[in-house]
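What follows is a short report on a single structure.
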């Protein structure tokens, strides 16, 4: 291995360290969300395994993360045709030993040496384990066995530089026969629920999928639950964990206070808590990331415009619950200005965490926080929700209890809620500290300092065209217009004051707006739907002519969307709110027939 | 008068009607802030009077408002050299009668006929008064006398079309001698306070002036009180009105409740109300309007970047005062979502109102409102302030009591506060309903529907360069950088997360940020000051080369400024928050002297 390559690998290792640290303790900086390692829904035959290996090798690159965007998927598909049988795993050397899996299993402790397999490769990592960025405890879970399921879970491994490091410890490989007949590696996603096939899947494991454009265009305010976009960071908790009859929420009021437990029955007891319904958007802060990829590749799922949906959430006011367990109702609200520290936070923990087989990572749970003052503010309408569109919340959306924080990035609406903690600091989870933050365009992964920016909470104003679809043929109305519709939304409860559409970026036509009744302009949680008839300039009204349609919105605070995507481009690809533009083509008119007295003529 | 011209004049009259209505009752739409009718500080001699008339005639045009921007001032100055003596007032006809002012004074009622003078013209407006858009009562105040002071106060008259209408009623003129010797018209601004000569005056009457760029660049967080920008809509209240020893604030809790009065002594009684200090920006929503004028002329004062200043305000929490007089503390905070009407409002009235001589317009006071929930929200920090930078608030800034609403457009921080009203509707004042709203760029005065948009409250993110000054010569540092500094700010308490500067709009350099201690990112009322060393591209580092410097900011919610001014341009010229750009020129380097052993050589 060349020295320079080794140096590069070590640099990458340093980045990984902070990334691993992020899952258990406050790190200075780290990377990425946990992405999808593979698209195949199960691995049950040798041929699939080969396909997977070839596809994965083709789709991963140093520092690029593991999310398969459409283009990458295409590349991966091409690779599938030419599986590189001999290079299933890194570090292959001509003439290396064939090792039996039974021998690997014997090396499962520091005393006996630690061997693992990755795909068909066998590695003696005894000398490495003390340096494992994720800690000794975690790596020992794989000792004497396959590390594949762990790497699928902790996706930070899925970069070339980490594979290079592994390759250095290679001591041989399993025979093709034995590898083909090994039981498939444990799939932590095997208990995930079934999903609606119309969802636009961006990643299978963890499952991430957006609401189809058709639904965005056709729905009234509420997205049908089975078409509601899904953003999972980890496997969906299942079984007794989410059993409504045994579920209990733990509330930690402060370091010196005993935690309080409330069962679902407690929360649903209408003599204790008033029921509350709210029609609210949830939106991933990476929505519209695809547009950023058109400027330059960013990290993350390639969402189009559908990582946003709206539901009626029913539950109890978080404020009421905090009051009931004795959190002083003015603790966050009335704190005086005494610097950053005057802010108290409400940390939330989910039940979703890395698991492999029976083992569960006790530190890597999903977590987030919001300012305590927001949790206590009656006008922010934060909900502990147990119903979605009138039915119990389904598994994918946080059963049995989800904290719905309207107006705020979806990442803070913690699903499968297990614990609330009143604290003097924000959640120290990876997702709060080192992920959902928007750098300026000039910052690279090498210069990114996550501690320099606030966590995304209230989201900026955004809008998108849901109809017509991009790249479609559109028919002009008799007066030369294109009929358009879509959504607009802004964070913090700010309603939408204006939506405008244009075919040239200079002449704009106001759209008609509608939002659900009952939401005032300072407390709008649902989206505003818009429709417009956009007059197309005379010179563009020709069949086959390409026309760029665009939309921009202003919220009640008159925050506006910037013109370009370039100006909001950032390494993490979040908060993409430049004007939404799509290209459509004018459809040739149906041939009109002129009516004559005795028949028709063309 | 040609028919078409007459039609145009009548159209304009219709616009005026809504404008007048705005000063007393809720109108469907109306126009403009009250602008500055003339710049001369008093009119005491015939020659000045002539100058004024000529200057004014030159500076006004149909529908353009009356504000003298720099360019217009230049034009007006040119006109001064060629006074059109015979056309002091509209409607002059060769051979018309000379009328004595004593005769005018006899015609002061509907029975006797109503004559008025405007400059040297005499008009019989008996047939017009019933049609006066501002109502009969107001126009009768001028009967038998000069309308000049009224037109100076109600600046809606200062458009050519209104003068055309007046011209139709002309019956003669005063003799040049009599006109020259008339006592000067009453100046409603004569009791305005003295101001610091360094303020950059945008209009003299009412007084509007911005903080000098030098101060913006040099100050720490607080703007010295005498350099604090001034935005007056009307004459400054004076005398007993603002006497701290007799002052009382009236609070109307609801239609069926008796009003409560609190003297300044009551408010300052520390056994009743806890003192509160806050370091907060006040910014006019028209700040940076000049940039919009560079796209196309808009209505309003031509503010550069200095209609923003920061002071330490001291007073009592508005919330505490509302609590103390029995407004339920949760009235606005906990109201459930029941449509627009769920919002209660806190209306504010100022003591500033049109006055001519002893007469005061009882309906035309300055007024504004904010959501009641904001007034009651401890985290919005709304203050009833009686001190500014440690001293009693001076006359120009609202003595003796100003409502300081941090994070919100300056127009809602009502000065010379006389009354608070808890109400189910917003303030119906002109300035709340028909002025400070931001239309989309395609809306013209003919298509503007003020009721379609929310009043500006929380302001969008903005930033500006305070150093170097625009059009200046700049010296490069030894490593080819320009040293820059300026301010950034966003409404609603959102701190600033990023400021970036650039010389090309594509490559950006992050700026160092500083804000006063004690303000958290969700409760930042002061501005964030920034400084940066911007590397200038090699090819531009040449003496005499023009370089465009630009700045953009993102707030804690990651709202960003749009690239262009065009995209936020609006008829009223408000909320101009496109990237701030200035042009500077690279200064030739000082000739360097090389040190030799026995002296210096160039």
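Residue numbers (this note's numbering), protein chains in the order written: chain A, 1 to 602; chain B, 603 to 1204. Where is the CB? At the ideal position from N, CA and C, for every residue including glycine.
Interface with chain B (8 Å Cβ-Cβ cutoff): residue 526/A is excluded. One thing to note: residue 972/B has its Cβ within 8 Å of the Cβ of residue 1059/B. In the structure shown, residue 207/A adopts coil according to DSSP, grouped into three states.
The beta carbon of residue 809/B lies closer than 8 Å to those of 791, 794, 797, 803, 832, 834, 838, 998 in the same chain, with the five residues before and after it left out.
In the DSSP assignment, the residues bridged to residue 530/A are 486/A, 513/A.
In the structure shown, the three-state DSSP call for residue 360/A is strand. Using a Cβ-Cβ cut-off of 8 Å, residue 975/B is close to 379, 522 of chain A, given in chain order.
In this structure, residue 1088/B sits near residue 1066/B, with a CB-CB distance shorter than 8 Å.
Listed along the chain, the chain A residues whose CB falls inside 7 Å of the CB of residue 1166/B are 563.
Spatial neighbours of residue 374/A in its own chain (CB-CB distance under 7 Å, excluding positions within 5 residues in sequence) are listed in chain order as 380, 382. Annotation: the continuous beta strand (DSSP E) that includes residue 345/A extends over 345-350. For residue 497/A, the residues of chain B that pass the 7 Å Cβ criterion are 1055, 1056, in the order they occur in the chain.
Residue 945/B has a beta carbon lying within less than 8 Å of a beta carbon in chain A. Annotation: Cβ neighbours of residue 508/A in chain B (cutoff 8 Å, chain order): 1042, 1043, 1044. Here DSSP, grouped into helix, strand and coil, assigns residue 710/B to strand.
Of all residues in the stretch 1132-1161 of chain B, only 1154, 1156, 1157, 1158, 1159, 1160, 1161 place a beta-carbon less than 9 Å from a beta-carbon of chain A. Closer than 7 Å at the C-beta level to chain A, one finds these residues of the stretch 1172-1191 of chain B: 1177.
Across the set 696/B, 718/B, 712/B, the C-alpha of 718/B shows the shortest separation from the C-alpha of residue 704/B. Bridge partners of residue 355/A according to DSSP: 360/A. Under DSSP, residue 555/A forms a beta bridge with 496/A.
Residue 263/A holds the alpha-carbon nearest to the alpha-carbon of residue 321/A among 368/A, 307/A, 263/A, 494/A. Per DSSP, reduced to three states, the secondary structure at residue 585/A is strand. If you keep only unbroken alpha helix (DSSP H) runs of at least 4 residues inside the stretch 781-861 of chain B, you get 815-820.
Non-local C-beta neighbours of residue 753/B in its own chain, meaning closer than 8 Å and more than five positions away in sequence, comprise 639, 720, 759, 760, ordered along the chain. If you draw a straight line from the Cα of residue 175/A to the Cα of residue 97/A, it is about 9 Å long.
Within the model, the alpha-carbon separation for residue 554/A versus residue 788/B is close to 45 Å. The residues 698, 699, 700, 701, 724, in chain order, have a CB closer than 7 Å to that of residue 774/B in the same chain once the five nearest residues on each side in sequence are set aside. Here the alpha carbons of residue 726/B and residue 780/B stand approximately 19 Å from one another. Contact between residue 245/A and residue 349/A is ruled out by a C-beta separation of about 21 Å, above the 8 Å threshold.
Within chain B, 979, 980, 981 have C-beta atoms less than 9 Å from the C-beta of residue 333/A, given in sequence order. For residue 763/B, the uninterrupted alpha helix (DSSP H) run begins and ends at 762-770, by DSSP.
For the pair of segments examined, the stretch 574-583 of chain A was found not to touch the stretch 514-529 of chain A: the number of CB pairs separated by less than 8 Å stays below three.
Membership of residue 150/A in the alpha helix (DSSP H) is indicated by the continuous run 148-153. The alpha carbon of residue 708/B has as its nearest neighbour, out of 1018/B, 748/B, 1031/B, the alpha carbon of 748/B.
Chain order gives the chain A residues near residue 1170/B as 560, where near means a beta carbon separation below 8 Å. A direct Cα-Cα distance of roughly 8 Å separates residue 740/B from residue 963/B.
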